[in-house]
Every structure is written in structure tokens, then in C-alpha cells.
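Numbering (full-length UniProt numbering), first residue to last: 1 to 155.
Even glycine gets a Cβ: it sits at the ideal position worked out from N, Cα and C.
No experiment lies behind these values; they were computed from the predicted model shown.
Quick notes on the structure that follows.
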């Protein structure tokens with residue numbers, strides 16, 4: 001069994017995954033702790049119970065084998081789809097007080113910085129592989145993004 005630490009970031013990640021996946025309830029239990037995350041009808045997610053020892057406790061990994069996730073058909077995207085190369089947090093601008101790198105309708109060139117994905121406290125600038133016009137931005141500033149998740153469309 002894999003060992004994971006019981007940290008706030010881990011809980012936040014699980015809450016976000018439950019909210020985005022359509023899972024209605026996730027319960028993890030070991031000898032030392034129990035955590036239950038349940039999605040409410042308003043698509044809010046709450047942690048209903050948490051009991052943990054003073055030391056970090058290992059938790060079992062969440063896998064497709066122990067969770068049933070309904071699959072949703074992704075909408076068809078036309079144009080060049082820019083996908084996240086890593087798991088992390090999407091940021092549209094270099095800092096909160098700066099303008100976004102790009103906006104819908106803006107023309108970009110191959111090599112232009114489009115956005116940042118923060119992963120493990122590192123800010124990764126994602127550059128365009130395409131030249132064209134930004135047709136869609138599919139995520140909001142501060143959203144968690146998965147590996148290979150569509151972020152924007154350039155036509």
C-alpha cells in the first residue's frame with residue numbers, strides 16, 4: 001500500500017477532485033484516521049468527518065478500482081487546443097496585480113507565454129505551440145488543472 005501524508009493540500013486536492021468528477025461521496029479510512037468527503041446538491045463539497053492522530057497517517061490512494069466515476073462526454077473543440085502539460089493551478093497572469101498574458105480575441109505567436117501552471121510551488125510558464133487568435137479560454141484563474149486538460153483554443 002502506498003503511503004500518503006495527511007495534509008491540508010491533500011484534503012483540498014481530494015475535495016476539488018470530488019467536486020469536478022461527479023462523485024457524490026468519498027470515504028477513506030485507516031486504523032488511525034477517517035475522512036469522508038460528500039458533494040452536496042449545490043455542487044459544494046464539504047468534509048463531514050475528520051479524525052486523525054497527532055502524527056501524519058498514511059492513506060490509501062484513490063484509484064479507478066475503488067471509485068466509480070461517471071464519464072461525461074467532453075465538448076468537441078475546434079481549432080488548436082492548448083492543454084496543460086502538468087497538474088497544478090492555472091494562472092492567467094504573472095501576478096494578481098498584472099494583466100492576463102492573453103485574452104479571448106487576442107492574436108498570439110508561436111512561443112508567446114499564454115498562462116502559468118503552478119505545480120509544487122514552481123511557476124511554469126506555458127508557451128504557445130501555435131500562432132493564431134485565442135478563441136476560447138476554458139478555465140478560470142485559480143482553477144486546478146489536470147495533466148492534458150484543455151485550457152484554451154487558438155484558431
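For residue i, three-class secondary structure by DSSP
{"i": "residue 24", "result": "coil"}
{"i": "residue 47", "result": "In this predicted model, residue 47 has a pLDDT of only 49, less than 50, meaning its place in the structure is not dependable; the value taken from the coordinates is given anyway. Residue 47 falls in the strand class under three-state DSSP."}
{"i": "residue 9", "result": "helix"}
{"i": "residue 14", "result": "helix"}
{"i": "residue 39", "result": "strand"}
Cβ-Cβ separation, residue j to residue i (assumed contact under 8 Å), whole Å
{"i": "residue 90", "j": "residue 139", "result": "5 Å"}
{"i": "residue 134", "j": "residue 104", "result": "5 Å"}
{"i": "residue 153", "j": "residue 88", "result": "In fact, because the Cβ distance is near 20 Å, the residues do not count as touching under 8 Å."}
{"i": "residue 25", "j": "residue 38", "result": "5 Å"}
Member of the options whose CA lies at the smallest distance from the CA of residue i
{"i": "residue 100", "options": "126, 77, 86", "result": "126"}
{"i": "residue 76", "options": "136, 131, 94", "result": "136"}
{"i": "residue 146", "options": "118, 130, 153", "result": "118"}
{"i": "residue 155", "options": "120, 29, 37, 106", "result": "106"}
{"i": "residue 148", "options": "12, 79, 10, 86", "result": "86"}
{"i": "residue 94", "options": "25, 15, 113", "result": "113"}
{"i": "residue 97", "options": "141, 24, 38, 152", "result": "141"}
{"i": "residue 150", "options": "123, 120, 115", "result": "115"}
{"i": "residue 144", "options": "92, 28, 27", "result": "92"}
Classification of residue i by the beta-carbon crowding that lies within 10 angstroms, buried from 16 upward
{"i": "residue 128", "result": "buried"}
{"i": "residue 22", "result": "exposed"}
{"i": "residue 131", "result": "exposed"}
{"i": "residue 109", "result": "exposed"}
{"i": "residue 122", "result": "exposed"}
Cβ of residue i within 8 Å of any chain B Cβ
{"i": "residue 155", "result": "Considering every chain present, this structure includes no chain B. It has just one protein chain."}
Whole beta strand (DSSP E) runs in the stretch 110-135 with 3 or more residues, listed along the chain?
113-119, 122-127
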